[in-house]
Each structure stands twice: as structure tokens, then as C-alpha cells.
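The listed protein sequences correspond, in order, to chains A and B.
Numbering-wise (full-length UniProt numbering), the first sequence opens with residue 1 and increments by one.
Numbering-wise (full-length UniProt numbering), the second sequence opens with residue 1 and increments by one.
Structure record follows, encoded as C-alpha cells.
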Amino acid sequence: MVSTIQNTDVKQKEADRAVVVAVTSRAVFDCGVDDGDEVCEVGVAFPLLQVLQRVNERLEISRFCFSSEEDFTESLLKNNVHLFLTTDRDEAAQASQKGVFSALLNEKVASSEQLRVVFCEDAVIRTDTEPPSASQDAAQSFWAQLGEMRRRFGVLDSPLSLLLLTSRGGRESCGAALQTLRSRGLNMDEAYCLAGAPRSPILSLLRPHFLLINHLED
Amino acid sequence: MSQNNEDTLTARGPDLTSISELKPSTPTRKPKPPKPENATTITIGISAQVLFNMEKEQQGLEDYIKYQVEHETQPFSPGPAFSFIKALEAVNTQLKELYPDSEELFDVVLMTNNHPYIGLRLINTINHHQLFIERFCMTGGNSPIGYLKAYHTNLYLSSDPDKVREALEEGIAAATVFTPEKITEVSDTQLRVAFDGDGVLFSDESERIFKAHGLEKFLEYEKKHENKPLEHGPLKGFLEALEKLQKKFYDKGQRMDCPIRTYLVTSRGAHSSGNRALKTLQSWGLEIDEAFFLAGAPKGPILEKIRPHIFFDDKMSYVEEAVEIGTVACHVPYGISQGPAPK
Chain A
1 MVSTIQNTDV KQKEADRAVV VAVTSRAVFD CGVDDGDEVC EVGVAFPLLQ VLQRVNERLE
61 ISRFCFSSEE DFTESLLKNN VHLFLTTDRD EAAQASQKGV FSALLNEKVA SSEQLRVVFC
121 EDAVIRTDTE PPSASQDAAQ SFWAQLGEMR RRFGVLDSPL SLLLLTSRGG RESCGAALQT
181 LRSRGLNMDE AYCLAGAPRS PILSLLRPHF LLINHLED
Chain B
1 MSQNNEDTLT ARGPDLTSIS ELKPSTPTRK PKPPKPENAT TITIGISAQV LFNMEKEQQG
61 LEDYIKYQVE HETQPFSPGP AFSFIKALEA VNTQLKELYP DSEELFDVVL MTNNHPYIGL
121 RLINTINHHQ LFIERFCMTG GNSPIGYLKA YHTNLYLSSD PDKVREALEE GIAAATVFTP
181 EKITEVSDTQ LRVAFDGDGV LFSDESERIF KAHGLEKFLE YEKKHENKPL EHGPLKGFLE
241 ALEKLQKKFY DKGQRMDCPI RTYLVTSRGA HSSGNRALKT LQSWGLEIDE AFFLAGAPKG
301 PILEKIRPHI FFDDKMSYVE EAVEIGTVAC HVPYGISQGP APK
């Protein structure tokens with residue numbers, strides 16, 4: 001059963017251009033044992049929501065939609081969600097299979113001042129010649145909107161920051177990634193080329209809210 | 001749910017179509033870069049501003065960005081640290097010939113405060129000058145210091161004294177590079193690194209005595225403590241790393257024509273105070289190749305003779321002297337020489 005609660009305090013502008021982000025309620029509020037009356041603690045996604053709100057304030061668009069139910073994928077598709085965030089790997093897999101671009105939240109977040117998104121090398125370069133699937137189209141659409149959103153802010157002092165991280169390749173693959181991203185209207189705020197160095201030290205420095213890469217086994 | 005750190009961040013998304021038609025120019029053969037997690041790699045963090053000659057931002061950021069993108073295919077010309085980096089790469093080439101399986105090499109990481117809009121121009125520049133730099137950090141305005149630590153940096157060179165100071169405070173060997181008007185030609189077969197003693201290889205403990213009590217007391221003190229090793233200074237670790245590589249050449253019979261040569265250029269004299277310096281190095285198991293005890297004489301003439309690729313000193317007066325005769329001199333802003341005594 002779908003149960004959608006709209007926040008009527010907030011007006012939705014430019015509905016057709018909105019980037020719809022769905023967050024599983026379990027990540028927003030940590031309710032522990034359901035006592036019914038008790039106010040829940042904040043969950044891991046809370047700083048992310050604060051950051052999204054900050055981005056939204058600058059864009060003058062506001063819409064929050066919380067949906068919680070068993071078969072949630074239908075609800076995601078119906079709401080035209082561009083990016084679904086959760087801490088539950090199975091939920092992410094389910095949504096992705098249905099064609100909704102999904103990401104796992106960084107449990108160790110992260111700034112509540114600036115939304116930081118890291119693009120990993122292999123998410124940028126296409127490695128094979130498969131025909132684009134529904135989820136690929138979803139990804140492209142999300143990226144295009146992210147780029148557009150970033151362009152609305154200046155180079156400095158932006159509430160949204162796009163970071164490129166190339167782990168395996170050297171400067172050639174980083175250069176190619178920068179060009180591909182630029183051709184898609186995405187200008188990076190920071191770029192790191194590791195050429196084989198381990199990722200975790202850099203990731204704990206960058207403090208992204210989420211990483212966009214191809215394969216979970218990376 | 002047990003996931004490792006990396007997994008918690010990943011997105012299950014597909015590849016995107018790549019439409020990159022304008023590929024940057026690429027060299028014909030690319031060696032595999034050394035891995036920094038290897039403890040024997042010597043990582044040099046170098047600011048793009050000192051490796052290359054980059055135009056300063058004058059017009060305002062948006063115009064600067066536009067200019068850089070428009071000139072993307074125009075490589076930057078070499079900066080003051082260029083010969084030093086080329087010399088490091090020459091050493092690497094020789095080491096790889098002698099020890100094909102070893103990871104004990106110099107690893108250069110390019111650091112820049114700039115936004116990645118300058119990235120393609122930098123990559124094109126690296127390709128044009130045939131440098132082997134595969135790692136870089138474009139921090140978009142954030143401090144590079146955290147990243148220096150993440151990359152286990154053994155030496156950081158920059159034109160920004162604030163960043164250098166910050167690095168030193170974090171325990172990373174660092175120095176501010178100054179550019180001579182005309183850079184003296186240096187050897188392309190031998191890397192030459194010259195160090196001042198106190199405040200660079202050694203701590204500033206003796207300098208404090210000199211400053212507080214004068215020359216005579218200083219000499220007396222040094223004589224009395226001749227056999228007591230000095231504490232180490234910020235660049236001791238870098239000298240140690242150089243000597244480790246030197247030993248690899250010695251082991252293959254290349255002592256006389258070793259591609260790395262180290263120099264001590266100190267104001268200490270060739271008596272007790274100089275002795276203490278040598279004994280300290282000995283106690284650390286270090287053997288600097290040539291030592292010059294100037295007893296206060298100017299450093300310029302000696303540096304002119306040595307022609308090091310790089311010279312480190314904690315006193316700006318000596319840095320300026322070196323720069324005047326065409327040496328790429330780096331200031332190490334450490335210790336009592338930097339200003340009035342603390343406390």
C-alpha cells in the first residue's frame with residue numbers, strides 16, 4: 001500500500017525540472033524499537049537532507065515527499081524519482097533492477113553545509129557496447145539534471161560540489177573523464193587521479209555524501 | 001548488514017556513453033606508476049605553480065577560467081622546479097634498469113589549488129614535456145595538506161609559504177620554492193641536492209643558543225657537546241630517503257658516478273661546531289657526499305660551483321643569495337630563524 005505524505009508548507013516550483021530524490025525513511029529517522037509515541041532520533045541520512053535543503057533554498061524549489069511501504073519500487077517509478085538513496089543494499093538492488101538509479105548512503109557522513117558528489121572514473125567512460133538500458137537512461141537523465149543544477153551556482157561558494165575521482169587509470173583516463181563530463185555539461189569542482197593508490201584515505205578526506213560508480217564490487 | 005567502507009558509498013548505475021572526441025595528446029609509452037602505499041616509495045608533492053610557469057589570476061576567476069580553457073592545448077613553460085623533477089625521473093629510469101622489479105623509486109604527485117578546468121591544460125603540458133606524472137590533486141581551493149598526508153608525501157614543494165608552513169606543522173617536509181631570474185644550467189646526468197644544516201637537517205637548538213648568547217658562547221657550547229647528536233630537523237627524512245636510493249647504486253658498483261649526489265652547505269666552521277654536525281649525521285647512519293663548512297662566509301660562491309638542482313635553507317638571506325646566482329633555492333620556514341623567539 002502506498003502512503004505518500006506531501007509537505008504542504010513547501011511550494012513546488014518547476015515540477016518538470018525537479019530532481020526527485022527519494023530517501024528511505026529508515027535512513028532519515030532512527031526509530032529503534034517502535035514505541036509509537038516517542039520522537040525518533042535522527043538517522044544517517046539527516047545531514048544529507050539538511051544539505052539538500054540548503055541546495056534547494058538557493059534554487060528556490062522545495063519539495064519533500066516521504067513514502068514508506070513494502071513494495072516501494074512502484075512508488076518510486078510513479079513519482080519519477082531520479083535518484084533513490086538508501087542504506088539498504090537490497091533495496092538499492094531492487095530499485096535499480098526496476099530502472100531507478102540508486103545509491104548507497106555514506107554512513108559516516110559528511111558535510112551538512114555542502115552536498116558533495118563523487119564521480120568515479122568508470123561511471124564516466126563507457127566500457128562496452130551494450131545498448132542503453134532503462135537504468136542507463138535514468139542515470140543519464142540524473143547526471144544532466146545535476147549538471148544543470150550546478151551551473152546555477154557560481155564557481156565559488158556553491159552548496160553543491162562535484163568531485164572526480166579516477167582510481168585505476170593515470171592522467172590519460174582522468175583527462176578523458178574530464179572531457180566526457182564537460183561534454184555533458186558537468187564541470188568538476190575538484191579532481192583526484194590516484195593511478196592505483198588506495199581509495200579509502202582520499203574518500204575519508206573528501207567526505208562525499210555518495211559515490212557514483214558502475215559496479216558494486218569495486 | 002556487514003559492508004566494507006567502499007561498498008557503503010557505491011551506486012548501482014550503468015556506464016554512460018562516452019563522446020570524447022578531442023582526446024589530449026598522449027605519449028607513446030607509459031610506464032606503470034609506483035604505488036604510494038609502498039613504504040619505500042619516495043613521494044614528492046609538487047605544486048603546479050612551481051613545476052610550470054603558470055599565469056597568475058589577474059582578471060577575476062571567471063575570466064581566468066575562460067582563458068585557461070581557451071588555451072588548453074598550449075603547454076605551460078617549465079617552472080623553477082622543472083629540472084629537479086626531470087632529474088628525479090632520470091634517476092627512476094636508471095633505477096628501473098638496475099632493479100626492474102623494485103618499487104623503490106621517486107613518485108611525483110602534482111598538487112594544485114586550482115579547479116579542474118585547468119586539468120586538461122596541465123595534462124597536455126605534462127604530455128608535451130614528456131614527464132611521467134600520473135597522480136594529481138586538483139583541490140578547487142581547499143587546502144592540499146590533508147591530501148599530502150593521504151598520499152604519504154615525503155617532500156612538498158610550493159610557492160605558497162602558508163601552505164608550506166601548514167605542511168611543516170603536520171610533520172611533512174616542505175619548502176617554499178623561489179625562482180631565480182635566470183636559472184643556472186644544471187647537470188642532466190646527476191641529481192644534486194644541497195642542504196643547509198641547522199634548521200633544515202638539524203633542529204634549531206643550536207641556532208637558539210647563537211641568537212640568545214652570541215657566537216663565542218655558541219662555539220663554546222658546540223665544543224662541549226661535540227659528541228651529543230643534534231635533534232633532527234624537517235628535511236632529515238628526505239636526506240635519508242635519498243641515501244637509501246644512493247645505496248642501491250653503490251650496491252651495483254656505481255659509487256663514483258652515482259646519479260644522486262648530496263651536499264651540506266653550512267655556516268658552521270671546520271672545527272668543533274662542524275664536527276658536531278658530522279658526528280650527528282654519522283649517528284643517524286647518514287653519509288652526505290660533500291660538506292662545506294663556511295664559518296659564516298657567503299654561500300653563493302659555493303653554490304655556483306656545486307650547481308645543485310635544489311638548495312634548502314631556513315634563512316631567507318641565504319635563499320636570496322642563492323637565487324641571485326641562479327640556484328633554485330627553497331626556504332624552509334622552520335625554527336628560530338623565522339622571527340623573534342617564542343615565549
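Think of the CB as a built atom: it goes at the ideal place given N, C-alpha and C, for glycine as much as any other residue.
Exercise. Okay, do the stretch 147-165 of chain A and the stretch 188-204 of chain A touch, 3+ Cβ pairs below 8 Å being the bar?
Worked result: yes
Exercise. With contact counted as at least three CB pairs below 8 Å, one residue from each stretch, are the stretch 172-182 of chain B and the stretch 258-272 of chain B in contact?
Worked result: no
For this session: Reducing DSSP to helix, strand and coil, say where P234 of chain B ends up.
Result: By one-based count along the second sequence, residue 234 of chain B stands at place 234. Residue state, collapsed to three classes: coil.
Exercise. Any idea what DSSP makes of T280 of chain B, helix, strand or coil?
Worked result: Locating residue 280 of chain B in the second sequence gives position 280, counting from the first residue. Of the three classes helix, strand and coil, the one that applies to T280 of chain B here is helix, per DSSP.
For this session: Select from B:L191, B:V186, B:V200, B:N114 the residue whose C-alpha is nearest the C-alpha of I172 of chain B.
Result: Within the second sequence, the letter at position 172 stands for residue 172 of chain B. Checking every option, the nearest Cα to that of I172 of chain B belongs to B:V200.
For this session: Say whether chain A places a C-beta atom closer than 8 Å to the C-beta of A150 of chain B.
Result: Numbered from its first residue, the second sequence carries residue 150 of chain B at position 150. True, the Cβ-Cβ gap to chain A drops below 8 Å.
Exercise. How is the alpha helix (DSSP H) around S206 of chain B delimited, first residue to last?
Worked result: Residue numbering aside, residue 206 of chain B sits at position 206 when the second sequence is read from its first letter. That run of the alpha helix (DSSP H) goes 205-213.
Exercise. For F84 of chain B, which residues of its own chain have a beta-carbon under 6 Å away from its beta-carbon, when the five flanking residues on both sides are left out?
Worked result: By 1-based counting over the second sequence, the position of residue 84 of chain B is 84. Excluding residues within five positions, the ones whose Cβ falls inside 6 Å are H309, I310.
Problem set entry | Span separating the alpha-carbon of P298 of chain B from that of E222 of chain B | Here residue 298 of chain B refers to the residue found at position 298 when the second sequence is read from its first residue. Here residue 222 of chain B refers to the residue found at position 222 when the second sequence is read from its first residue. For P298 of chain B and E222 of chain B, the distance between alpha carbons rounds to 21 Å.
Exercise. Does any residue of chain B bring its CB to less than 8 Å from the CB of M188 of chain A?
Worked result: Locating residue 188 of chain A in the first sequence gives position 188, where the first residue counts as 1. Judged by the 8 Å Cβ criterion, M188 of chain A is in contact with chain B.
For this session: Would you tell me roughly how many angstroms separate the C-alpha atoms of C330 of chain B and H129 of chain B, rounded to the nearest one?
Result: By 1-based counting over the second sequence, the position of residue 330 of chain B is 330. By 1-based counting over the second sequence, the position of residue 129 of chain B is 129. Roughly 23 Å between the two C-alpha positions.
Exercise. Under three-state DSSP, which class holds C137 of chain B?
Worked result: Counting from one through the second sequence, the residue named residue 137 of chain B turns up at place 137. In this structure, C137 of chain B counts as strand in the three-state DSSP scheme.
Problem set entry | Residues near L88 of chain B by beta carbon distance below 8 Å, same chain, minus five either side | By 1-based counting over the second sequence, the position of residue 88 of chain B is 88. Excluding residues within five positions, the ones whose Cβ falls inside 8 Å are I44, F106, V108, L191.
Exercise. Where do the N-terminal and C-terminal ends of the alpha helix (DSSP H) with S161 of chain A fall, by residue?
Worked result: Against the first sequence, residue 161 of chain A aligns to sequence position 161. Premise fails: S161 of chain A lies in the beta strand (DSSP E), 160-166, not in any alpha helix (DSSP H).
Problem set entry | Coarse secondary structure for P180 of chain B, derived from DSSP in three states | Translated into positions along the second sequence, residue 180 of chain B becomes position 180. Reduced to three states, the DSSP call for P180 of chain B is coil.
Exercise. Listing by chain order, which chain A residues have their CB less than 8 Å from the CB of T40 of chain B?
Worked result: Locating residue 40 of chain B in the second sequence gives position 40, counting from the first residue. The contacting residues do not exist; T40 of chain B stays about 15 Å from chain A at best.
Exercise. Does the beta-carbon distance from G197 of chain B to A322 of chain B come in below 8 Å?
Worked result: On the second sequence, position 197 is the one that residue 197 of chain B refers to. On the second sequence, position 322 is the one that residue 322 of chain B refers to. Pairing G197 of chain B with A322 of chain B gives a Cβ-Cβ distance that is not under 8 Å.
Problem set entry | Where E74 of chain A falls, given that 16 or more other Cβ within 10 Å makes a residue buried | In the first sequence, the residue the question calls residue 74 of chain A occupies position 74. It counts as exposed.
Exercise. Per DSSP, E216 of chain B is paired with what?
Worked result: One-based indexing of the second sequence puts residue 216 of chain B at position 216. According to DSSP, E216 of chain B bridges with nothing at all.
Problem set entry | Integer Cβ distance of T280 of chain B from L230 of chain B, believed to fall under 8 Å | By one-based count along the second sequence, residue 280 of chain B stands at place 280. By one-based count along the second sequence, residue 230 of chain B stands at place 230. The pair is a contact, with the Cβ atoms about 5 Å apart (cut-off 8 Å).
For this session: Would you list, in chain order, the members of the stretch 96-130 of chain B that have their beta-carbon closer than 7 Å to a beta-carbon of chain D?
Result: Within the model displayed, chain D is absent; protein chains A and B are what it includes.
For this session: Note the first and the last residue of the continuous alpha helix (DSSP H) segment covering F82 of chain B.
Result: Numbered from its first residue, the second sequence carries residue 82 of chain B at position 82. Run containing F82 of chain B: 82-98, per the alpha helix (DSSP H) assignment.
For this session: Can you grab the Cα-Cα spacing for the pair L148 of chain B / I118 of chain B, in whole Å?
Result: To locate residue 148 of chain B, count along the second sequence from 1; it is residue 148. To locate residue 118 of chain B, count along the second sequence from 1; it is residue 118. Approximately 20 Å between the Cα atoms of the pair.
Exercise. Quick one: which chain A residues come within Cβ less than 7 Å of G140 of chain B?
Worked result: Counted from its first residue, the second sequence places residue 140 of chain B at position 140. Here the neighbours are D189, E190.
Exercise. Just how far apart, CA to CA, sit R199 of chain A and Q59 of chain B?
Worked result: Here residue 199 of chain A corresponds to residue number 199 of the first sequence, with the count starting at 1. Here residue 59 of chain B corresponds to residue number 59 of the second sequence, with the count starting at 1. Their Cα atoms are separated by approximately 36 Å.
Problem set entry | Anticipated Cβ contact below 8 Å, T112 of chain B with A48 of chain B, distance rounded | Locating residue 112 of chain B in the second sequence gives position 112, where the first residue counts as 1. Locating residue 48 of chain B in the second sequence gives position 48, where the first residue counts as 1. That belief holds up - the Cβ atoms of T112 of chain B and A48 of chain B are roughly 4 Å apart, short of 8 Å.
For this session: Kindly indicate which three-state DSSP category R116 of chain A falls into: helix, strand or coil?
Result: For this step, residue 116 of chain A is matched to residue 116 along the first sequence. DSSP places R116 of chain A in strand when its eight states are reduced to three.
Problem set entry | Simplified DSSP assignment, three categories, for R268 of chain B | Numbered from 1 along the second sequence, position 268 holds the residue referred to as residue 268 of chain B. Correct three-state label for R268 of chain B: coil.
Exercise. Where does T43 of chain B sit, in a helix, a strand or coil, going by DSSP?
Worked result: Walking along the second sequence from the start, residue 43 of chain B turns up at place 43. If DSSP states are grouped into helix, strand and coil, T43 of chain B belongs with the strands.
For this session: Report the three-state DSSP secondary structure of I145 of chain B (helix, strand or coil).
Result: Mapped onto the second sequence, residue 145 of chain B falls at position 145. Note: I145 of chain B maps to helix in three-state DSSP.
Exercise. Going by C-alpha distance, which of B:S272, B:K163, B:S206, B:I42 is nearest S337 of chain B?
Worked result: Taking the first residue of the second sequence as position 1, residue 337 of chain B is located at position 337. Of the listed residues, the one whose Cα sits closest to S337 of chain B is B:S206.
Exercise. Going by Cα to Cα distance, which pick from A:Q97, A:A176, A:L83, A:A197 is closest to H209 of chain A?
Worked result: Counted from its first residue, the first sequence places residue 209 of chain A at position 209. Of A:Q97, A:A176, A:L83, A:A197, the residue nearest in Cα terms is A:L83.
Problem set entry | 8 Å CB neighbourhood of H232 of chain B in its chain, flanking five on each side removed | Here the question's residue 232 of chain B lines up with position 232 in the second sequence. Within the same chain, and ignoring the five residues on either side of H232 of chain B in sequence, the residues whose Cβ sits closer than 8 Å to its Cβ are L201, F202, S203, W284.
Exercise. Can you name the residues that DSSP bridges to I65 of chain B?
Worked result: What you label residue 65 of chain B is simply residue 65 of the second sequence in a count that begins at 1. Bridge partners of I65 of chain B: none, in fact.
Exercise. So is R63 of chain A in contact with chain B if we call contact Cβ pairs under 8 Å?
Worked result: Taking the first residue of the first sequence as position 1, residue 63 of chain A is located at position 63. In this prediction, R63 of chain A has a pLDDT of 48, which is less than 50 and means its spatial position is unreliable; what the coordinates show is noted afterwards. With 8 Å as the cut-off, R63 of chain A does not count as an interface residue toward chain B.
Exercise. Near P161 of chain B, which residues of its chain fall below 8 Å by C-beta distance, leaving aside the five closest residues on each side in sequence?
Worked result: In the second sequence, counting from the first residue as 1, residue 161 of chain B sits at position 161. Here the set comprises T176, H331, P333.
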